[in-house]
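Peer 1: Counting the sequence shown from 1 gives a position; the numbering used here is that position plus 8.
Note that beta-carbon positions come from the ideal geometry of N, C-alpha and C, so glycine has one too.
None of these values were measured; they are calculated from a predicted model.
This is the structure I want to talk about, given as structure tokens.
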Amino acid sequence: MRGVLLPVALIFSVFVSACSFGEGEEGKTDSKGAQQALLVRVTRPEVRSMERRLPMTAKMTPLLEGEVVARVQGIRVLELLKDVGDEVLQGETLARLEGVDLNHALEESNNAVDEAQTKIDEAELTVVELQAEKLAHLTTVARMKQVWDRLKSQTRGVAQDDVDAAKHNYDTERARQARYAIQIKKAQATVKVAERLRKRAELGRTKAQRDVNYAKVTAPINGVITERLAHVGQVTMSGQAMYRLYDPGRLVARTKLAQHHLRHVKENQTVRFRGDAYPDVTFIAHVGLIEPQVDKDNAMVAVRLKLDAKETLSDTGNAAVLARPGYKELRTRLESGRTLQPGMFVSGQIVLETRANVLTVKRKSIAHLRGQPYVYVAEQRNSSDNPSAVEGTGWRVRRLYFREGLTEEGHVEFLPLSPDKRLAPEDFVVLVGQDRLKDGDAVRVEGSEDAPPVKLEPTSGDGRASTNGKD
């Protein structure tokens, strides 16, 4: 029994000694740490303008594009005058078709018009001739009536047969007069028929003349040719495109947004985006149209962004970039009112809201505890004497929780949780070293007497203040 208890007592004594040794070392470490203040770098909060943005990707799409189709079919392509990449004006000739058959058809239609006019002239002459004969025949009718009246009035020496013969002659001439009237109406009807034939012939001539004009294939709009689909010797067919072109001055970026963003997106809001072709240039656009229908399959709504070449040129951030030799072509395009090319993909943000005089802290200075953001504010122990001074000793940090607001370019809007937990622009926020701090720790601030000197940069014109170190 004694042999068993002896090893157990030995093990217990070793365990107690080890625990006592650990407590002594920890106490020494704590005591030493309390005597040494950590070196930190500080920066001031910044008052600046902030924007609430909505990220988006878009595809450049021409708002006005078209196909050039031959207006006459079955005609051989004789010559192609324009090719891909050429800029054309509305009405400019792009290609010529073989026009021999078309010219023959025009000559035939001209002859048909002349023949119809000849028939009209003949019918009108017939009407005039019949009217003259009818007028001359009225004298004969009047004379026959006089003879009949005279014989009828004589009671002696006149046979009844003579009276009847005179009446017959008078009736015959009257019937001939009626036939003249009918013939005149028929001749006038012939004139009308001939006039309709002439109109039909004139329509045929107009169509033939139009077909001759269509032998020159012209551009329907001002634009740039993107595709040439025809070749010399090809026979034109109905609906077959010869060229495709688009108007570079009416290019839009088309994007789709989730329907829950509709309450924030408004027309004329500013949009800034960049493309892989010109990654250093920020293009300026505006929301031009929010389409009225939501896609029922994915609950997305299409939005058109209208590019603004003038604002892109005048943007201060683009001036130095567009002066580079590699961007000369883009600058020329922008000066002529054009921007990117159709089919390009771009990415950027829609500026939903702009707020001025927003108090911000640098994102690098923010730490989180259980998802709650906070910063450390460096304060002098005797802060009432000189609250804004950096020089001196006796600095301590105060943990200040807040809510994050707008974010932009490494800056986060500071929103206090309560009125008594505000941050002032003249306060000092720990920028480097906060990961080793606790609330109330003593610190040494760069630039103070007990730390290596670091010069604080003066506040810039837009309210920015930082150290000369990297942040």
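Check residue 58 in the structure and name its three-state DSSP category.
Peer 2: Residue 58 falls in the strand class under three-state DSSP.
Peer 1: Considering Cα atoms alone, identify which of 436, 252 and 154 is closest to residue 50.
Peer 2: When each option's Cα is compared against that of residue 50, the closest is 436.
Peer 1: In terms of residues, what are the limits of the alpha helix (DSSP H) holding residue 197?
Peer 2: 168 to 222 is the span of the alpha helix (DSSP H), which, as asked, contains residue 197.
Peer 1: Any chance the region 221 to 232 sits against the region 102 to 111, with 3 or more Cβ pairs inside 8 Å?
Peer 2: Segments in contact, yes.
Peer 1: Tell me the start and end of each unbroken beta strand (DSSP E) in the region 232 to 286 that is at least 3 residues and wholly inside, in chain order.
Peer 2: Counting only runs of 3 or more, we get 249 to 254, 259 to 266 and 278 to 283.
Peer 1: Does the region 259 to 279 come close enough to the region 308 to 320 that 3 or more CB-CB pairs lie under 8 Å?
Peer 2: Result yes; three or more Cβ-Cβ pairs closer than 8 Å.
Peer 1: Can you tell me whether DSSP reads residue 128 as helix, strand or coil?
Peer 2: Residue 128: helix per DSSP, three-state reduction.
Peer 1: Have a look at residue 58 and residue 268 and give me their C-alpha separation to the nearest angstrom.
Peer 2: Approximately 23 Å, taken between the alpha carbons.
Peer 1: Less than 7 Å between C-beta atoms, sequence neighbours within five positions excluded: which residues of the same chain meet that for residue 63?
Peer 2: Within the same chain, residue 63 has close Cβ partners 357.
Peer 1: Should residue 386 go down as buried or exposed, given a rule of 16 or more other Cβ atoms within 10 Å for buried?
Peer 2: Buried is the call here.
Peer 1: Inspect the CB distances between the region 241 to 253 and the region 71 to 79 and report whether three or more fall short of 8 Å.
Peer 2: Yes: the two stretches touch, three or more of their Cβ pairs being nearer than 8 Å.
Peer 1: Around the Cβ of residue 333, are there at least 16 other Cβ atoms within 10 angstroms (buried) or fewer (exposed)?
Peer 2: Per the 10 Å Cβ criterion, exposed.
Peer 1: Opposite residue 161 in the DSSP bridges: which residues?
Peer 2: According to DSSP, which records beta bridges pairwise, residue 161 is partnered with nothing at all.
Peer 1: Given residue 141, which residues of its chain have a CB within under 7 Å of its CB, disregarding the five upstream and five downstream residues?
Peer 2: Taken in chain order, the residues that qualify are 188.
Peer 1: My understanding is that residue 240 touches residue 85, with C-beta atoms under 8 Å, so please give their C-beta distance in whole angstroms.
Peer 2: Right, their Cβ atoms sit about 6 Å apart.
Peer 1: Rounded to whole angstroms, how far is the Cβ of residue 347 from the Cβ of residue 317, which I believe are closer than 8 Å?
Peer 2: Confirmed, about 6 Å.
Peer 1: With three or more beta-carbon pairs closer than 8 Å as the criterion, would you say the region 285 to 303 touches the region 231 to 246?
Peer 2: In short, these stretches do not touch, since the Cβ pair count stays below three.
Peer 1: Just how far apart, CA to CA, sit residue 426 and residue 408?
Peer 2: Approximately 11 Å, taken between the alpha carbons.
Peer 1: Going by Cα to Cα distance, which pick from 164, 157, 184 and 185 is closest to residue 173?
Peer 2: It is 157 whose Cα lies nearest to the Cα of residue 173.
Peer 1: How is residue 379 classed by DSSP in three states: helix, strand or coil?
Peer 2: Three-state result, residue 379: coil.
Peer 1: With three or more C-beta pairs closer than 8 Å as the rule, is the region 182 to 198 touching the region 128 to 139?
Peer 2: Taking 8 Å as the limit for Cβ pairs, the verdict is that the region 182 to 198 does touch the region 128 to 139.
Peer 1: Of the choices 355, 412 and 350, whose alpha-carbon is the least far from that of residue 373?
Peer 2: Nearest option by C-alpha distance: 412.
Peer 1: Can you tell me which residues form a DSSP beta bridge with residue 419?
Peer 2: According to DSSP, residue 419 bridges with 370 and 416.
Peer 1: Would you check if the region 365 to 380 and the region 437 to 451 touch, i.e. whether three or more CB-CB distances between them fall below 8 Å?
Peer 2: With the cut-off at 8 Å, the region 437 to 451 and the region 365 to 380 touch.
Peer 1: Report yes if the C-beta distance between residue 146 and residue 185 is below 8 Å; otherwise report no.
Peer 2: Taking 8 Å as the Cβ cut-off, residue 146 and residue 185 qualify as a contacting pair.
Peer 1: Rounded to whole angstroms, what is the Cα-Cα separation between residue 115 and residue 216?
Peer 2: If you take the alpha carbons of residue 115 and residue 216, they lie about 9 Å apart.
Peer 1: Say whether the region 148 to 162 touches the region 174 to 182, bearing in mind that this needs 3 or more beta-carbon pairs closer than 8 Å, one atom from each stretch.
Peer 2: The region 148 to 162, when compared against the region 174 to 182, does touch it at the 8 Å Cβ threshold.
Peer 1: Could you tell me the distance, in whole angstroms, from the CA atom of residue 178 to the CA atom of residue 149?
Peer 2: If you take the alpha carbons of residue 178 and residue 149, they lie about 6 Å apart.
Peer 1: What residue does the alpha helix (DSSP H) around residue 71 start on, and which one ends it?
Peer 2: Unbroken run through residue 71: none, as it is neither H nor E.
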